[in-house]
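**Student:** I have a structure here, written as structure tokens, and I will follow up with some questions on it.
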Amino acid sequence: LLAPHRKPHLVGDVNIHEVCERVRLLISSEFPRGLEVQRDYDTSIPEFRGDREQLIQAVLNIARNACQAMSERIGVGDAVLVLRTRIGRQVTIGKQRWRLALELHIEDNGPGVPESIRDRIFYPLVTGREGGSGLGLTLAQTFVQQHQGTIECDSTPGRTVFTVLIPLP
């Protein structure tokens with residue numbers, strides 16, 4: 002379970018918008034009422050080499066966490082999840098500078114990441130949810146790192162944004 006390296010890394014051309022649309026369909030079927038999924042795509046983003054299935058799983062894990070955190074808002078019917086793509090220019094990931102990078106923002110209007118776990122959310126077995134495994138974000142981060150990327154989180158009550166950065170050739 003903690004070893005995502007067991008499956009072979011299937012590298013091919015990846016369109017980030019196909020990844021987002023797949024996640025949008027899965028989330029919409031899992032949360033059919035009370036959730037609006039908004040799309041804000043930069044269609045000029047080129048395809049890049051990567052593992053499409055890993056990226057779908059990474060984005061799905063982040064989006065599913067957001068929806069689970071917004072359960073009260075979904076119940077009321079005013080939950081919003083935004084999938085936004087942009088191009089970042091002169092982006093530093095780790096210690097390396099990239100001329101161009103994909104920026105995928107996964108934004109929600111939920112309660113925010115609890116302050117008590119905010120600096121540890123990518124660690125295994127750390128969860129802010131009753132019954133959560135604490136593996137979703139760990140796996141998401143592992144899959145994104147295998148694409149030389151990183152995940153950042155900015156969270157306040159009412160607005161949480163996870164930003165996936167992946168260098169583009």
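So for the sequence shown, our numbering puts the first residue at 2; every next one is plus one. Glycine included, C-beta positions come from ideal geometry on N, C-alpha and C. Bear in mind that the values here come from a model prediction, so they are computed numbers and not experimental data.
(1) State the DSSP-derived secondary structure class of H106, mapped to helix, strand or coil.
(2) Could you check where the beta strand (DSSP E) with T164 kicks off and where it finishes?
(3) Which residue's Cα is closest to the Cα of P158: L61, E108 and G150?
(4) Sorted by chain position, which residues of the same chain lie with C-beta nearer than 7 Å to R98's C-beta, five sequence neighbours on each side aside?
(5) Using C-beta distances below 8 Å, list every residue in its chain close to M1, excluding the 5 sequence neighbours before and after it, in chain order.
(6) May I have the straight-line CA-CA distance separating K1 from H148, to the nearest angstrom?
(7) E104: buried (16+ other C-beta within 10 angstroms of its C-beta) or exposed?
(8) Would A141 and N62 qualify as a contact pair, given that the criterion is a beta-carbon distance under 8 Å?
(9) Just verifying my parser: in three-state terms, what is the DSSP assignment at V15?
(10) Could you tell me the distance, in whole angstroms, from the CA atom of Y124 to the CA atom of Y42?
(11) Candidates L136, V12, G76 and P33: which alpha carbon is nearest L56's?
(12) Quick one, which of E19, I28 and I152 has its alpha-carbon nearest P47's?
(13) Does F49 come out as helix, strand or coil in the three-state DSSP assignment?
(14) Please confirm whether Q58 and F144 have their CB atoms less than 8 Å apart.
(15) Our contact map puts P168 next to I94 with C-beta atoms below 8 Å; I'd like the distance itself, whole angstroms only.
(16) Going by DSSP, what residues sit across from Q97 in a beta bridge?
(17) Please name the residue, chosen from I75, S45, D52 and E54, that lies closest to S29 on a Cα-to-Cα basis.
(18) Count the other CB atoms within 10 Å of the CB of V24; is the residue buried (16 or more) or exposed (fewer)?
**Tutor:** So, to answer that:
(1) Within the sequence shown, residue 106 is the residue found at index 105, counting from 1. When DSSP states are grouped into helix, strand and coil, H106 belongs to the strand group.
(2) Translated into the one-based positions of the sequence shown, residue 164 becomes position 163. From DSSP, the beta strand (DSSP E) with T164 extends over R160 to L169.
(3) Working through the sequence shown from its first residue, we reach residue 158 at position 157. Checked all of L61, E108 and G150; the closest Cα to P158 is E108.
(4) Position 97 of the sequence shown, counted from the first residue, corresponds to residue 98. Hits under 7 Å: Q91.
(5) Nothing in the structure corresponds to residue 1, since the chain is present only between 2 and 170.
(6) As displayed, the chain neither begins before 2 nor continues past 170, which places residue 1 out of reach and without an answer.
(7) On the sequence shown, residue 104 is found 103 positions in, with the first residue counted as 1. By the neighbour-count rule (16 or more Cβ atoms within 10 Å), E104 is buried.
(8) By 1-based counting over the sequence shown, the position of residue 141 is 140. By 1-based counting over the sequence shown, the position of residue 62 is 61. Taking 8 Å as the cut-off, the Cβ atoms of A141 and N62 count as close.
(9) Taking the sequence shown and counting its residues from 1, the one referred to as residue 15 is at position 14. Residue state, collapsed to three classes: strand.
(10) Along the sequence shown, read from residue 1 onward, the residue named residue 124 stands at position 123. Along the sequence shown, read from residue 1 onward, the residue named residue 42 stands at position 41. Those two C-alpha atoms are separated by around 30 Å.
(11) Translated into the one-based positions of the sequence shown, residue 56 becomes position 55. Comparing alpha carbon positions, the residue from L136, V12, G76 and P33 closest to L56 is V12.
(12) Position 46 of the sequence shown, counting from 1, holds the residue named residue 47. Closest option to P47, Cα to Cα, is E19.
(13) One-based indexing of the sequence shown puts residue 49 at position 48. Looking at F49 - three-state DSSP - the assignment turns out to be strand.
(14) Taking the sequence shown and counting its residues from 1, the one referred to as residue 58 is at position 57. Taking the sequence shown and counting its residues from 1, the one referred to as residue 144 is at position 143. Against a cut-off of 8 Å, the Cβ pair of F144 and Q58 comes out as a contact.
(15) Position 167 of the sequence shown holds residue 168. Position 93 of the sequence shown holds residue 94. Going by Cβ atoms, the distance from P168 to I94 rounds to 6 Å, so yes, they are a contact pair.
(16) Counting from 1 along the sequence shown, the entry for residue 97 is found at position 96. Paired residue(s): I94.
(17) Start at 1 with the first residue of the sequence shown, and residue 29 comes out as number 28. When I75, S45, D52 and E54 are compared, the shortest CA-CA separation from S29 is found for I75.
(18) Counting from 1 along the sequence shown, the entry for residue 24 is found at position 23. Result: buried.
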